[in-house]
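Presented below is the structure to which this report refers.
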Amino acid sequence: MRSTSAVHWPARFAKGSLIYNEGDPSDSLYRVIDGCVRLQVNSENGSRQIVSFRIPADVFGLCPEFQNTAAEAATAVQLMRYSLKSVLEKASSSPAIMTELMGEPTKAYQAFAHHIEKRVHCPAQARVTWFYQWLRERNVANGNEAADGVPMS
8 MRSTSAVHWP
18 ARFAKGSLIY
28 NEGDPSDSLY
38 RVIDGCVRLQ
48 VNSENGSRQI
58 VSFRIPADVF
68 GLCPEFQNTA
78 AEAATAVQLM
88 RYSLKSVLEK
98 ASSSPAIMTE
108 LMGEPTKAYQ
118 AFAHHIEKRV
128 HCPAQARVTW
138 FYQWLRERNV
148 ANGNEAADGV
158 PMS
């Protein structure tokens, strides 16, 4: 998708804005250009469980029919929004796009499994330390070595 000609357009959201809600039709997917997006599940009583954070270069929102999480701007964010239909049409003739699309859920599942393992077996201070290390590793992996701060502040 980085170089796809799929239909896309920029989107900006202010901190705290809802990008989409759990259960909304899945008609788009997104790549973070700048800022931080929080993926979460919301309960009927108003509480939320954060599933993950999406930072620059991350893709999110790839669901077959309906969104399985809510996405909220943890900071002011700049996104590239792609028409899901257009991306899937391009993917049918592009192994590179198909590979990237297939890799996203695999990476998300792996990250989630490690996240659960860390949360279950660590005291709070260790979980916070782990989060900062994870954030730093993600920034370095995405070529953003200079980003030492917390994108949610």
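First residue of the sequence shown: 8, per the numbering used here; consecutive thereafter. Each residue gets a CB set at the ideal place from its N, CA and C atoms; glycine is no exception.
The stretch 30–38 and the stretch 65–74 touch, with no fewer than 3 CB-CB distances between them shorter than 8 angstroms. For W141, the closest alpha carbon among the candidates A18, P112, F60 and E79 is that of F60. When the beta-carbon positions are compared, S99 and A13 stay at least 8 angstroms from each other. Among the bridge pairs identified by DSSP, M87 is matched with P17 and R38. Inclusion of V66 and L36 in the CB contact set at 8 angstroms is warranted, their separation being smaller than that value. If you draw a 10 Å sphere on the C-beta of I57, you find fewer than 16 other C-beta atoms in it, and that means exposed.
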